[in-house]
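**Student:** Here's a structure for you.
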Amino acid sequence: QQPVQSPQAVILREGEDAVINCSSSKALYSVHWYRQKHGEAPVFLMILLKGGEQKGHEKISASFNEKKQQSSLYLTASQLSYSGTYFCGTHLADRGSTLGRLYFGRGTQLTVWP
Amino acid sequence: DGGITQSPKYLFRKEGQNVTLSCEQNLNHDAMYWYRQDPGQGLRLIYYSQIVNDFQKGDIAEGYSVSREKKESFPLTVTSAQKNPTAFYLCASSMGVRTEAFFGQGTRLTVV
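From first to last, the protein sequence lines stand for chains C and Z.
First residue of the first sequence? That's 852 in our numbering, and the numbers climb one at a time after it.
First residue of the second sequence? That's 619 in our numbering, and the numbers climb one at a time after it.
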């Protein structure tokens, strides 16, 4: 039930842009994005809900294609502080046994160099 | 300040012993989750609970047990049946499917 993330790793220079993708084989109710620094707790970036509502970080944007069950996170003009592992999390739209479960992908490791 | 607290941060146990990881939140959240994190595996769901006295297995529940007797607390027991328990364990909570999850700082368990 884990969503699939791509790419696995990205290396950027400061100021460059990056896109991280997340896809699911099942219909989604919401998509979450988090960033984790090594050995720390994941930090919330953004949530995108079925129907178009989204809440989150001012400098980071994301899209959610409900029909394709895909989401993308857009990091523009990257800064050194953007380095870390990015995870997408998904709540399935299934009202059955998986209701309430929050699944995460394997992560995308982003490294920003000066 | 509201938040979610995991303790201890580091835990060492001998093989064959059960161990309980603590997770407490004062955010008044209904939903709580336990994840296991191994390098390259992402966050894998062990157990989750949507309400007091109710919890459901996640994808890797074998060798683990939980309880949810109070809204604030969701302890995880790693039993001797868990074949490879050494990992980083994260607890999270949320109001529901329309809101973000908040994570604790994690417990790194090492079994020797």
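Glycine is no exception: its CB is placed at the ideal position from the N, C-alpha and C atoms.
Check whether the Cβ atoms of Z/SER711 and Z/ALA699 lie closer than 8 Å to each other.
**Tutor:** No, Cβ-Cβ distance for Z/SER711 and Z/ALA699 is not below 8 Å.
**Student:** Hey, how far is the Cα of Z/LYS675 from the Cα of C/GLY935?
**Tutor:** Those two C-alpha atoms are separated by around 29 Å.
**Student:** Below 8 Å, how does it come out for the segment 948–965 of chain C and the segment 852–863 of chain C: are there three or more Cβ pairs, yes or no?
**Tutor:** Yes: at least three Cβ pairs fall under 8 Å.
**Student:** Since Z/GLN643 meets chain C, which of its residues come closer than 8 Å, beta carbon to beta carbon?
**Tutor:** Neighbours of Z/GLN643 on chain C: none; closest Cβ ~13 Å, over 8 Å.
**Student:** Cβ of C/SER914 within 8 Å of Cβ of C/SER922?
**Tutor:** Yes, they are a contact pair.
**Student:** I want to see whether chain A comes within less than 8 Å of Z/TYR666, judged by CB atoms only; does it?
**Tutor:** Of the protein chains in this structure, namely C and Z, none is chain A.
**Student:** Looking at the unbroken beta strand (DSSP E) that takes in C/TYR933, where does it start and where does it end?
**Tutor:** From DSSP, C/TYR933 is part of no beta strand (DSSP E); its letter is neither H nor E.
**Student:** Which residue comes first and which comes last in the beta strand (DSSP E) that contains C/GLY908?
**Tutor:** In the sequence as presented, Gly is not what sits at residue 908 of chain C; that position holds His. Here C/HIS908 belongs to no beta strand (DSSP E), and DSSP marks it neither H nor E.
**Student:** Are the CB atoms of C/LEU953 and C/ASP868 nearer to each other than 8 Å?
**Tutor:** No, they are not a contact pair.
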